[in-house]
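Heads up: the structure comes next, in C-alpha cells.
This is the structure we're talking about:
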C-alpha cells in the first residue's frame with residue numbers, strides 16, 4: 294500500500310475516494326463538498342472493485358494481477374466483451390496492460406474467460422482504429 | 017430571454033470596429049472554423065510519447081508555441097474525443113486561449129487553489145496538472161447538473177487533489193484565503209462565435225445585460241478570498257469591454273488591487289483604457305485581449321490580479 298500512503302481515503306455510500314495528502318486540505322474542512330478527489334473503489338456484490346480511472350492512474354504500480362495483451366486481443370475484448378485466456382489465478386479482477394505500458398482499465402477473470410470491465414459508453418470501437 | 021437575430025456577423029460586431037485591430041481580418045477569421053487544439057495531460061502522459069503515438073495513427077500535431085510542450089494544434093482531426101488517447105486521459109481538446117488562462121495563473125505546487133466557476137473542468141484539470149496533483153484545489157460551480165461533466169473531466173484526466181463545491185461564486189465562504197484563484201466568469205461568449213457552415217446567424221442575447229453586475233460581484237468576492245501574496249486571474253471569452261475592462265476597473269476602484277503583467281509568449285493586445293465614453297484606469301493596459309485573427313482560437317480576455 295506504499296503507493297497510496299500519500300492519500301487520504303474517504304468512504305461515501307458504496308464508494309471509496311482518494312485525495313492527495315496536503316497541509317492545505319484542512320482549509321477545506323468547513324466547505325460543503327459534493328465530490329471529493331478521485332473515486333478509487335466501489336463495492337460490487339462481494340467484491341471491492343477498483344474504478345477504471347483509478348487503475349489508469351495507478352495500475353502501473355501493480356506487481357501482480359496484470360494481464361499483458363496484444364492489440365488484437367484488446368480489439369476482440371472491446372468488440373465482443375470477452376476473450377478466452379489461461380491465467381494462473383483464481384477468479385477476480387485483472388489489470389489490462391497494452392504495449393508501451395498503456396493501461397486502459399480492468400477485466401474480470403473466471404474459468405478461462407476474461408470479461409471486459411471497460412466502460413462501454415466511453416470506450417468505442419472507433420477508438421481502436 | 018429575448019433572443020434577437022442579427023443579419024450577419026458584420027453588423028453583430030460592428031460596434032467593436034474601433035477597438036479590434038485589423039477589423040476586416042478579424043471578420044474574415046470568423047468565417048473559418050476553429051482549429052482543434054489539444055493539451056497533453058502531464059498527470060497521465062508525456063508529450064513526446066503522445067505525439068509519437070498519434071503520429072503512428074497519421075495525426076500530425078503542431079506545437080503552438082516554443083514555450084509550451086503540452087499545447088498542440090491538430091490538423092485534420094475533427095473528433096479528438098474518438099481517440100483512445102482521449103479515453104486514457106492523455107489528451108484534452110481545449111481552445112488554446114482556455115489553456116493559456118491556466119498558464120497565465122501558473123499555480124505553484126503545494127498551494128491552496130480555487131476555481132470559482134469550474135465546470136466543465138478543462139481549466140481545473142490544467143491547474144491540477146501545473147500543480148502536479150499536489151496542494152489542494154476547490155472546483156466550484158453553482159449548478160449541480162454541471163458537477164457531472166466536471167467530475168468526469170477531473171476523473172478522466174487523473175486529478176487527485178481536488179474537491180467539488182456548489183456555491184454561488186459571488187457568495188463563496190470567506191473563512192479561508194487562497195494562494196491562487198481562477199475566475200473564468202459566465203460571459204456573453206462572443207469570442208466563441210464563428211459563422212457556421214449552416215449559416216446560423218449570430219444572436220444578440222438581451223438577457224445578458226445583467227452579466228457585468230454578476231461578474232463584478234464574483235471578481236470582488238474572488239479578490240476578498242485572496243491571500244496577501246495571492247494571485248488571481250479574471251477571464252472571459254468575450255470582446256465586450258463592459259464585461260472585461262469595465263469589470264476590472266470596478267475592482268480597482270473598490271479594492272487595493274494591482275494588475276500584474278501577463279507574459280505568455282503568444283500574441284495579444286493590451287486592454288483598453290477607454291470605451292463608449294467611459295475612461296478606465298490606465299493600469300488596464302496590463303490586461304490582455306486575444307483575438308481570433310491573431311491567435312487562431314477563441315476570443316478571450318485576461319486580467320492577472322494581485323494585492324497592492
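Protein chains in written order, with our numbering: chain A, 294 to 422; chain B, 17 to 324. We put the beta carbon where it would ideally sit given N, CA and C, even for glycine.
| message | Less than 9 Å between the beta carbons of residue 113(B) and residue 313(B), yes or no? | response | Their beta carbons are under 9 Å apart, which means residue 113(B) touches residue 313(B) by this criterion.
| query | So residue 121(B) and residue 247(B) are in contact, right, with Cβ under 8 Å, and what is the actual spacing, rounded? | reply | Indeed they touch by this definition, with Cβ atoms about 7 Å apart.
| query | Quick one: is residue 346(A) near chain B, going by C-beta distance under 9 Å? | reply | It does; some Cβ of chain B falls within 9 Å.
| task | Look at the alpha carbon of residue 257(B) and the alpha carbon of residue 341(A), and state the distance between them as a whole number of angstroms. | result | Looking at the two C-alpha atoms, the distance is approximately 54 Å.
| task | Report the rounded CA-to-CA distance for residue 144(B) versus residue 243(B), giving the unit in angstroms. | result | Using only the alpha carbons, I get a separation of about 19 Å.
| request: Determine the chain B residues that contact residue 395(A) at a beta-carbon separation under 7 Å, and present them in chain order. | output: The contacting residues are 104.
| said: Quick check on residue 255(B): buried or exposed, where buried means 16 or more other Cβ atoms within 10 Å of its Cβ? | reply: Residue 255(B) should be labelled buried.
| message | Among 128(B), 86(B), 77(B), whose alpha-carbon lies nearest the alpha-carbon of residue 317(A)? | response | Relative to residue 317(A), the option among 128(B), 86(B), 77(B) whose CA is nearest is 128(B).
| request: Drop a sphere of 10 angstroms on the beta-carbon of residue 50(B), count the other beta-carbons inside from all chains shown, and report buried for 16 or more, exposed for fewer. | output: The residue is exposed, with fewer than 16 neighbouring Cβ atoms inside 10 Å.
| task | May I ask which residues mark the beginning and end of the alpha helix (DSSP H) holding residue 153(B)? | result | First-last for residue 153(B): 152–156, but that is the beta strand (DSSP E), not the alpha helix (DSSP H).
| Limits of the alpha helix (DSSP H) - the one that residue 269(B) falls within | Residue range 261–270 is occupied by the alpha helix (DSSP H) that includes residue 269(B).
| Same chain only: Cβ atoms within 8 Å of residue 346(A), ignoring 5 sequence neighbours per side | Taken in chain order, the residues that qualify are 331, 332.
| said: If distances are taken between C-alpha atoms only, which option among 110(B), 105(B), 134(B), 137(B) comes closest to residue 416(A)? | reply: In terms of Cα proximity to residue 416(A), the closest of 110(B), 105(B), 134(B), 137(B) is 105(B).
| said: On a Cα-Cα basis, can you pick out the residue from 46(B), 69(B), 199(B), 317(B) that is closest to residue 391(A)? | reply: Out of 46(B), 69(B), 199(B), 317(B), 69(B) has the C-alpha closest to the C-alpha of residue 391(A).
| message | Suppose the cutoff is 7 Å on Cβ atoms and the five residues either side in sequence are ignored; what does the same chain contact list for residue 116(B) look like? | response | Closer than 7 Å at the Cβ level, and outside the excluded window around residue 116(B), lie 280, 282.
| task | Output yes if chain A places a C-beta closer than 9 Å to the C-beta of residue 94(B); else output no. | result | Chain A, which has no Cβ nearer than 9 Å to the Cβ of residue 94(B), makes this no.
| request: Starting from residue 246(B), follow the beta strand (DSSP E) in both directions and report where the run begins and ends. | output: 242–252 is the extent of the beta strand (DSSP E) around residue 246(B).
| residue 337(A): buried (16+ other C-beta within 10 angstroms of its C-beta) or exposed? | The residue is exposed, with fewer than 16 neighbouring Cβ atoms inside 10 Å.
| query | Candidates 335(A), 303(A), 334(A): which alpha carbon is nearest residue 326(A)'s? | reply | That would be 303(A), whose Cα lies nearest to the Cα of residue 326(A).
| message | Beta-carbon within less than 8 Å of residue 360(A)'s beta-carbon, same chain only, minus the 5 sequence neighbours each way: which residues are those? | response | Its chain contains 378, 380, 387, 388, 389, 390, 400, 402, 407 as the residues whose beta carbon lies nearer than 8 Å to that of residue 360(A), once the 5 sequence neighbours on both sides are disregarded; these appear in chain order.
| request: Quick one: residues in its chain with C-beta nearer than 8 Å to the C-beta of residue 384(A), no 5 flanking neighbours on either side, listed in chain order? | output: Here the set comprises 401, 402, 403, 404.
| request: To the nearest angstrom, report how far apart residue 329(A) and residue 273(B) are at their CA atoms. | output: Looking at the two C-alpha atoms, the distance is approximately 32 Å.
| request: Please go through the stretch 344–408 of chain A and give each complete alpha helix (DSSP H) segment of 4 or more residues, from N-terminal end onward. | output: If we require 4 residues or more, the alpha helix (DSSP H) runs fully inside the stretch 344–408 of chain A come out as 345–351, 364–373.
| request: For chain B, find out if any of its Cβ atoms is closer than 9 Å to the Cβ of residue 350(A); answer yes or no. | output: Taking Cβ atoms only, chain B reaches closer than 9 Å to residue 350(A), which makes this a yes.
| task | Can you tell me which of 250(B), 52(B), 225(B) puts its alpha carbon nearest to the alpha carbon of residue 118(B)? | result | Nearest C-alpha to residue 118(B): 250(B).
| request: Check residue 307(B) in the structure and name its three-state DSSP category. | output: Reduced to three states, the DSSP call for residue 307(B) is coil.
| query | Distance, Cα to Cα, residue 40(B) vs residue 287(B)? | reply | A straight line joining the alpha-carbon of residue 40(B) with that of residue 287(B) spans about 20 Å.
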